[in-house]
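In what follows, a single structure is set out as structure tokens and then discussed.
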Amino acid sequence: MAMAAFGYMRYERERLIAEELGPACVSTSQPCYVATIAPLAAILNELTLGRAEVVTMLPPGASPHTYEPRPSDLRGVMHASGFFYVDERLDGWAADLPARQKVHVLDLVPEDCLLHLETDCCPKEHSAKGHKHHDPVVDPHFWLDPCVVRNTVPELVRILSELDPHGAEIYAANAEEFSRHLTEMDREVHGLIDPIRGSRVATTHPSFQYLCKQYGLEVALVVTDSPGKEPSPRQMENLSREAKELGVRAIYSEPQIPQNAARMLSEASGLPLYELDPVGGCAERCSYDELILYNAQVLAASLK
4 MAMAAFGYMR
14 YERERLIAEE
24 LGPACVSTSQ
34 PCYVATIAPL
44 AAILNELTLG
54 RAEVVTMLPP
64 GASPHTYEPR
74 PSDLRGVMHA
84 SGFFYVDERL
94 DGWAADLPAR
104 QKVHVLDLVP
114 EDCLLHLETD
124 CCPKEHSAKG
134 HKHHDPVVDP
144 HFWLDPCVVR
154 NTVPELVRIL
164 SELDPHGAEI
174 YAANAEEFSR
184 HLTEMDREVH
194 GLIDPIRGSR
204 VATTHPSFQY
214 LCKQYGLEVA
224 LVVTDSPGKE
234 PSPRQMENLS
244 REAKELGVRA
254 IYSEPQIPQN
264 AARMLSEASG
274 LPLYELDPVG
284 GCAERCSYDE
294 LILYNAQVLA
304 ASLK
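The sequence shown begins at 4 in this note's numbering and counts up by one.
Following this line, the structure appears as structure tokens:
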């Protein structure tokens, strides 16, 4: 309860800063880190507690795939002690911003933790249905698996300690506590999702592979691999048929991208539509554990 309240206070502070200055830190006596998306900022908040300011660039509801930086964003990045972004497939525009110290976070994730996805809307094992497939690329949504985040924490601490050597002891201590918390969170999510293991789902966008794989669910269909792109009527007919053939139990949209395609598939297939949130950043899902537990609770309630 105390952790959630503290997270809300940090969220409110960041929101007020962003309204006036964009993602710029107000304190010059502390290191200042800017992260493109809320879950990345939430992870950094846990590691820098008591030492640094962390500000989120994207406002709540914005999609990292389509975001266009504002002039205030550029000012914030230029003055930040470190600028953290995920990957070119998610927030690639960030790689071109004029930061003093830029951190490509997906490079810090252990290779054996990374998952891959294909650049069409159907899993490879169902390619016999006549869909065209391409070579897989790395799925950037690593933060949706607490175990992958835990395995990435040492590299994040190494980078933070290089950017701010005087804070190294604080970062290391915070990392130890956060890693313990991630282990507890993993157990809690297992408790929620284990009763529905093996369920097949459809998602609007390929965001939830890490979460589903870790906890024994299968993303059997993805409506579109490009946010905002709607399938043609023929593609929608094929998706609806495959959803039934594959035993998909529910369809999940995301608040950051249009819901038209998910709604169309729900109507065509007769399957229920729910909302998962890969990014969070709103007052109800500002901390990392709030985001992960929200998604776990939605899955557990909708698939029971």
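Cβ atoms here follow ideal geometry from the backbone N, Cα and C, with glycine treated the same way.
{"Asked": "Between Y308 and the rest of its own chain, which residues show a CB-CB distance below 7 Å, the 5 nearest in sequence each way excluded?", "Found": "Only positions 4 to 307 of the chain appear in this structure, which leaves residue 308 out of reach."}
{"Asked": "For Q262 and E165, I'd like the C-alpha separation in whole angstroms.", "Found": "42 Å"}
{"Asked": "When you compare each of L50, Q33, E172 to S290 by their alpha carbons, which one comes out closest?", "Found": "L50"}
{"Asked": "For T2, which residues does DSSP report across the bridge?", "Found": "The structure shown has nothing for residue 2, since the chain only spans 4 to 307."}
{"Asked": "What are the start and end residues of each continuous alpha helix (DSSP H) run of 4 or more residues lying completely inside the stretch 197-284, in chain order?", "Found": "212-217, 236-248, 263-272"}
{"Asked": "Return the CA-CA distance between H107 and P157, expressed in angstroms with no decimal places.", "Found": "15 Å"}
{"Asked": "In its own chain, which residues sit with a C-beta less than 7 Å from the C-beta of G85, not counting the 5 before and 5 after it?", "Found": "Y36, Q104, V106, L166"}
{"Asked": "Taking the continuous alpha helix (DSSP H) assigned at V152, which residues delimit it?", "Found": "149-166"}
{"Asked": "Would you list the residues sitting across from L120 in a DSSP beta bridge?", "Found": "V140"}
{"Asked": "Beta strand (DSSP E) containing G64: first to last residue?", "Found": "G64 -> no beta strand (DSSP E), and no H or E assigned at all."}
{"Asked": "Per DSSP, what kind of secondary structure is V301 in: helix, strand or coil?", "Found": "helix"}
{"Asked": "Which residues mark the beginning and the end of the alpha helix (DSSP H) in which V80 is found?", "Found": "74-82"}
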